[in-house]
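Listed in order, the protein sequences are those of chains A and B. Counting in our numbering, the first sequence runs from 22 upward without gaps. Counting in our numbering, the second sequence runs from -13 upward without gaps. Each residue gets a CB set at the ideal place from its N, CA and C atoms; glycine is no exception. Inspection log for the structure reproduced underneath, given as structure tokens.
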Amino acid sequence: MLFSEVAKELKLPFVGEDLEITSMNELELATTSQLSFAVHKKYASALLSSKAKAFLIVQSLLEYLPENSSYIICDDVSLMMAYATKLFSPKLVEQQLEPAKIGKGSYIDSMAKIENGVYIGSNVTILAGAYIGTNVIIKDNGVIHPNVTIYRDSVVGNNCIIHAGTVIGADGFGFSHTKDGKHIKIYQNGNVIIEDDVEIGANCAIDRAVFNSTIIKKGSKLDNFIHIAHNCEIGEHCIFVAQTGVGGSTKLGNNCIVSGQSAFTDHIDIAPFSTFTARSGVTKSIKESGGIYSGYPLMEHREWRRLQTKIAKLNS
Amino acid sequence: MKLDEIAKLINCDFSGKNIEINGINTLKDATKNEISFVSNSKYIKDIQNSKAGAILVDNQTKEFVPTTSIPLIVDTPYWDMATLSKYFAPPIEEDNLKSALIGEGSVISHKAELANGVKIGKNCTIMAHVYIGTKVIIEDNTIVYPNVTIYRDCKIGSDCIIHANTTIGSDGFGFATNKLGEHKKIYQNGNVVIEDDVEIGSSTTIDRAVFSTTLIKKGVRIDNLVQVGHNCVIGEYCVLVAQSGISGSTTMGRNVVMGGQSATAGHLQIAPFTTMAARSGVTKSIKNSGKIFAGFPLMEHRTWLKLQGKIARLLK
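Structure (structure tokens):
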């Protein structure tokens, strides 16, 4: 889509060269053919070094714009960004693509639905009621249990087991807000990548990234009812016990253990080999690896035990 | 499988008869044609009384193996048990079985899938996109709403109602972990048994047992989004309110009430007629019946109310 067409859809004038835009991305990761956006002063340095050539931008950030950029000045960049994501969202189904390629020894139940453009490796089992969306890749030896839904463009590695009712690649929870309190959808045009040897329990939800990918690295094991939000990165060999949730863009290092009903806020980084006991509520990044944590607000497990003893004494 | 084949799979020697082994089981439940394992020195008592045909032990525990069992001495019994569990896992579906038997008056949606070997009783309703796995038995008058998945070998009693998108019999969350932090799947070769007159809400998950059975007894009421771990026993007429979670091998007496978002740790015994208020976190067994509890850490509800009063006053 031409940048001029984007401007026309947003009903705003554009400045600079009219470029062909393939998709959107955040400032740091955008390539020369992607449209990016600068919402706030805190992104000034990211804006300066961005490789993008086209931007949605607030007036006050114009001075940080890289040279020779094309841009649209917006009063409310995040709202315009939301409207623009719709322009780049792919179709749910693409019938003109080639029928699915299915490797040797794979069994696809007749009541599973495989869209066009899908690649399925060898010895994969896909059971009844599963839905495999456009362009999904499932590598070798996996099992997709009944009624699993895998949205378009997701990638599932070798030897993965995905249990019934799980949804991979549903839209991340992202909205921009109008001044009168309405919520405008930010179309989630990224995907989910699940690496090798991952097992995902029943009725889990792994949301697709807004741009780029939500990643579950190799060897991680998820129990039932695990919610992984958009753009998360879960390290290798992590363990998630049931009913745990991870907020958007949060990154966990390798071998973290997260016990039941725990939760992480968004945009934090967790060091490898961290352990969280049941019901931990994690609101800040953890820099040192190997710690054991509990409670909400989160504290070291030993501290939490001391605190609980003190609280119990309040009654005596 | 012969014992010498098993020994070869895990690289160990044994002396004794080359017996036929047809399954893995716990020290307590294993029979003479099953192999068992010692994962932890706290099970030493159970070794001596085990009727298992063969037992995986390490050097420290080998001396406790009774003369009726053949010891297989390895460095990592739990890891090797996980390796073996794969060889005793039944296939996901079995083509050679007879097609499903359906009782008089039952209505099965043509969009539901019934695997071979299934038996459905009289006057059942099975709605669209339901998956009923190999050898599942559903007795009379039971209603299964759309998109429910029931894995192989599970049994559902009569007069049950299972709401949409619930998963019954998915794999319990069990892995052996090596020194590198990698997790190996322990294949969950047990099943789920749901007795008569049980109602289960939507998007709930009940995991299959690793060996033997996860049991939901008659008259139980389970709300939406509830997690029941592998090998749990939920007593008659228990009530599990939305988003509660019961960890593996916990046993409840009759008429236990678990409030919303409450949870238990694994391997606990909960006395009959216990009530847990919303968000209770149960980490120890409850021996006396008829009490009401709240909070995390758990305390009697009355104490919890007093404590909340004191905490509220801390700010004054």
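{"Check": "Can you name the start and end residues of the alpha helix (DSSP H) that A:L77 belongs to?", "Outcome": "Unbroken run through A:L77 is the beta strand (DSSP E), A75 to I78; no alpha helix (DSSP H)."}
{"Check": "Are the beta-carbon atoms of B:F50 and B:I78 separated by less than 8 Å?", "Outcome": "no"}
{"Check": "Please tell me whether B:G215 and B:F159 are closer than 8 Å, where the distance is taken between their beta carbons.", "Outcome": "yes"}
{"Check": "Which two residues bound the contiguous alpha helix (DSSP H) that contains B:A195?", "Outcome": "That residue, B:A195, is in no alpha helix (DSSP H); it is neither H nor E in DSSP."}
{"Check": "Going by C-alpha distance, which of A:Q55, A:A51 and A:Q80 is nearest A:A67?", "Outcome": "A:A51"}
{"Check": "Which of the three DSSP states is assigned to A:V98 in this structure?", "Outcome": "helix"}
{"Check": "So, is B:Y73 buried or exposed, given that buried needs 16 or more other C-beta atoms within 10 angstroms?", "Outcome": "exposed"}
{"Check": "Just curious, the beta strand (DSSP E) that A:V213 is in, first and last residue?", "Outcome": "N212 to I215"}
{"Check": "Should B:G245 be flagged as near chain A, meaning a C-beta pair shorter than 8 Å?", "Outcome": "no"}
{"Check": "For A:A5, would you say it is in contact with chain B, using Cβ-to-Cβ distances shorter than 8 Å as the test?", "Outcome": "Limits of chain A in this structure are 22 at one end and 337 at the other, which puts residue 5 of chain A out of reach."}
{"Check": "Give the range of the beta strand (DSSP E) segment to which A:Y314 is assigned.", "Outcome": "I313 to S315"}
{"Check": "Does B:Y29 come out as helix, strand or coil in the three-state DSSP assignment?", "Outcome": "helix"}
{"Check": "Give, in chain order, every residue of the region 212 to 228 of chain A whose Cβ lies closer than 8 Å to some Cβ of chain B.", "Outcome": "E220, G222, A223 and N224"}
{"Check": "What residues are listed by DSSP as bridge partners for A:F285?", "Outcome": "A:V267 and A:V303"}
{"Check": "Less than 8 Å between the beta carbons of B:I142 and B:I129, yes or no?", "Outcome": "no"}
{"Check": "So is A:H166 in contact with chain B if we call contact Cβ pairs under 8 Å?", "Outcome": "yes"}
{"Check": "Am I right that B:R138 and B:T120 are in contact with their C-beta atoms under 8 Å? What's the rounded C-beta distance?", "Outcome": "4 Å"}
{"Check": "Name the DSSP beta bridge partners of B:N177, please?", "Outcome": "B:T199"}
{"Check": "To the nearest angstrom, how far is the alpha carbon of B:T191 from that of A:E254?", "Outcome": "25 Å"}
{"Check": "How is the alpha helix (DSSP H) around A:A338 delimited, first residue to last?", "Outcome": "Residue 338 of chain A lies beyond the residue range present for chain A, which begins at 22 and ends at 337; the question has no answer from this structure."}
{"Check": "Interface residues of chain A around B:N133 at Cβ under 8 Å?", "Outcome": "G150, N168 and G186"}
{"Check": "Which residues mark the beginning and the end of the beta strand (DSSP E) in which A:F196 is found?", "Outcome": "F196 to H198"}
{"Check": "Under 8 Å Cβ-Cβ, which residues of chain A neighbour B:N151?", "Outcome": "N168, G186 and N224"}
{"Check": "Grab the span of the beta strand (DSSP E) containing A:Q55 for me, first residue to last.", "Outcome": "Q55 to A59"}
{"Check": "From what residue to what residue does the beta strand (DSSP E) around B:I(-8) run?", "Outcome": "Premise fails: B:I(-8) lies in the alpha helix (DSSP H), L(-11) to L(-5), not in any beta strand (DSSP E)."}
{"Check": "Among residues of its own chain, excluding the 5 on either side of B:L211, which ones have a beta-carbon nearer than 7 Å to its beta-carbon?", "Outcome": "S189, T190, A228 and Q229"}
{"Check": "Short check: CB of B:L58 to CB of A:I332, under 8 Å?", "Outcome": "no"}
{"Check": "Closer than 9 Å by beta-carbon distance: list the chain B residues that pair up with A:H258, in chain order.", "Outcome": "T163, L166, G167, E168 and H169"}
{"Check": "Tell me whether the region 104 to 118 of chain A and the region 137 to 147 of chain A touch, counting them as touching only if at least three CB pairs, one residue from each stretch, are closer than 8 Å.", "Outcome": "yes"}
{"Check": "For A:N245, which residues in the same chain have their Cβ closer than 7 Å to its Cβ, ignoring the five residues on either side in sequence?", "Outcome": "G222, A223, N224, C225 and A263"}
{"Check": "Judging by CA-CA distance, which residue of B:L166, B:I180, B:N241 and B:I5 is the nearest neighbour of A:R294?", "Outcome": "Residue 294 of chain A is actually Phe in this sequence, not Arg. It is B:L166."}
{"Check": "For A:S25, name the three-state secondary structure that DSSP assigns.", "Outcome": "helix"}
{"Check": "So what does A:L243 bridge to, in DSSP terms?", "Outcome": "A:I221 and A:F261"}
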